[in-house]
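Residue numbers (UniProt numbering): 1 to 339. Following: one structure in structure tokens, then a few remarks.
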């Protein structure tokens with residue numbers, strides 16, 4: 001079997017391919033090769049799934065941590081200027097583009113990096129995106145955070161997407177940290193989720209309120225001139241107003257004489273609801289109609305009497321059937337059983 005190792009040196013960087021094991025090492029460390037189009041697909045997939053805001057933070061976090069990892073490989077080196085020059089050669093040999101340390105001050109903890117023809121720029125240009133990348137700028141922030149032993153961040157000063165010859169990135173000490181970015185993103189997404197849930201609850205509440213209004217106290221024609229309005233559940237000011245309005249509209253529209261207020265569906269009645277019933281009866285009387293109360297149980301009658309609301313003179317019946325029969329008689333008709 002022939003030699004399975006293939007070795008090549010680019011500048012000071014060594015690449016070794018072990019074709020038998022399918023492995024590539026770059027300066028002694030395991031490495032991978034990707035086409036720009038494959039990386040583009042990977043980044044686009046992240047953005048498609050996560051959205052632009054989330055993906056931006058993902059790229060920055062990834063770039064920063066990669067940079068911090070790179071700086072850890074050279075822990076203890078004091079010749080920082082030489083080390084930064086080596087970084088530039090490494091990235092150039094790996095196809096990452098041309099990196100130049102334009103300015104550097106260890107005392108001020110500041111640096112300016114110029115990047116030309118980076119893989120991130122090539123991918124964005126190929127995809128027709130007119131925005132600057134964030135992964136490589138944050139990558140350099142991670143490198144200098146490791147070198148300076150403190151939190152660093154970046155600012156894009158110039159961009160090739162805006163027609164400049166290179167991307168210029170200023171690296172400086174900052175209170176902004178990757179953990180803070182992730183936390184703020186999580187809080188933002190949490191807030192967005194809460195707002196979305198609140199909107200859903202609001203929409204659902206409106207739907208339910210609309211449904212309650214449709215089902216609440218329907219006015220039902222029984223016979224010519226006779227209507228029934230069943231009361232269900234508890235009533236507040238809004239429901240009572242809607243009930244009175246609906247009853248008056250239907251009595252007028254159908255030219256009805258009698259309205260039967262059915263309390264069969266009410267187990268407990270409070271003074272507020274009884275006042276509402278009284279208001280409904282008075283309103284119907286004003287337009288020439290008459291009201292009867294039906295479906296009054298013994299428990300309900302006690303509650304009504306205890307409320308101190310005066311319903312004297314209002315005809316009431318224990319069942320809807322009795323009330324309907326009475327209204328039929330008052331309307332000039334009678335029920336006759338067929339032989």
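Quick reminder that beta carbons are idealized off the backbone N, C-alpha and C, glycines included.
Identify the residues that DSSP records as bridge partners of residue i: which are they?
| i | result |
| --- | --- |
| residue 6 | 17 |
| residue 169 | 113, 156 |
| residue 230 | 262 |
| residue 290 | 258 |
| residue 223 | 226 |
| residue 307 | The partner list for residue 307 (beta bridge, DSSP) is empty, contrary to what the question assumes. |
| residue 316 | 293 |
Taking 8 Å as the threshold (C-beta atoms), are residue j and residue i in contact?
| i | j | result |
| --- | --- | --- |
| residue 226 | residue 336 | no |
| residue 156 | residue 169 | yes |
| residue 39 | residue 96 | no |
| residue 245 | residue 219 | no |
| residue 340 | residue 116 | Nothing can be reported for residue 340, as the shown portion of the chain is limited to 1 through 339. |
| residue 114 | residue 167 | yes |
| residue 254 | residue 230 | no |
| residue 36 | residue 13 | no |
| residue 61 | residue 171 | no |
| residue 33 | residue 24 | yes |
| residue 67 | residue 142 | yes |
| residue 265 | residue 302 | no |
| residue 98 | residue 92 | yes |
| residue 49 | residue 58 | no |
| residue 134 | residue 199 | no |
On the premise that residue j lies in contact with residue i, defined as a C-beta separation below 8 Å, what is that separation, rounded to the nearest angstrom?
| i | j | result |
| --- | --- | --- |
| residue 280 | residue 247 | 6 Å |
| residue 159 | residue 132 | 4 Å |
| residue 147 | residue 80 | 6 Å |
Find the nearest neighbour of residue i within the set the options, judged by alpha-carbon distance.
| i | options | result |
| --- | --- | --- |
| residue 274 | 165, 304, 332, 258 | 304 |
| residue 356 | 258, 125, 265, 312 | Shown here, the chain extends from 1 to 339; a query on residue 356 therefore has no answer. |
| residue 63 | 84, 137, 326 | 137 |
| residue 330 | 338, 145, 289 | 289 |
| residue 108 | 174, 67, 253 | 174 |
| residue 263 | 14, 134, 299 | 299 |
| residue 239 | 272, 57, 46 | 272 |
| residue 10 | 71, 30, 65, 94 | 94 |
| residue 256 | 102, 224, 269 | 224 |
| residue 140 | 16, 235, 163, 88 | 88 |
| residue 317 | 46, 261, 103, 338 | 261 |
| residue 237 | 338, 276, 320 | 276 |
| residue 78 | 68, 106, 266 | 106 |
| residue 291 | 253, 313, 37 | 313 |
| residue 293 | 135, 23, 333, 326 | 326 |
| residue 22 | 265, 4, 198, 8 | 4 |
| residue 103 | 59, 91, 84, 321 | 84 |
| residue 144 | 74, 122, 51, 20 | 74 |
| residue 267 | 72, 243, 252, 235 | 235 |
| residue 43 | 270, 129, 228, 296 | 129 |
| residue 161 | 123, 150, 197, 195 | 123 |
| residue 19 | 6, 30, 333, 29 | 6 |
| residue 112 | 154, 125, 121, 71 | 154 |
| residue 320 | 333, 270, 228 | 228 |
| residue 69 | 149, 241, 82, 295 | 149 |
| residue 315 | 31, 8, 278 | 278 |
| residue 307 | 333, 284, 332, 270 | 270 |
| residue 90 | 31, 204, 197 | 31 |
| residue 296 | 16, 322, 282 | 322 |
| residue 241 | 206, 252, 283 | 283 |
| residue 163 | 203, 204, 121 | 121 |
### Start-end ranges of the beta strand (DSSP E) lying completely within the stretch 122-147, minimum 3 residues
none
### Task
Would you list, in sequence order, the uninterrupted alpha helix (DSSP H) runs of no fewer than 4 residues that lie entirely inside the stretch 19-104?
36-50, 52-73, 80-93
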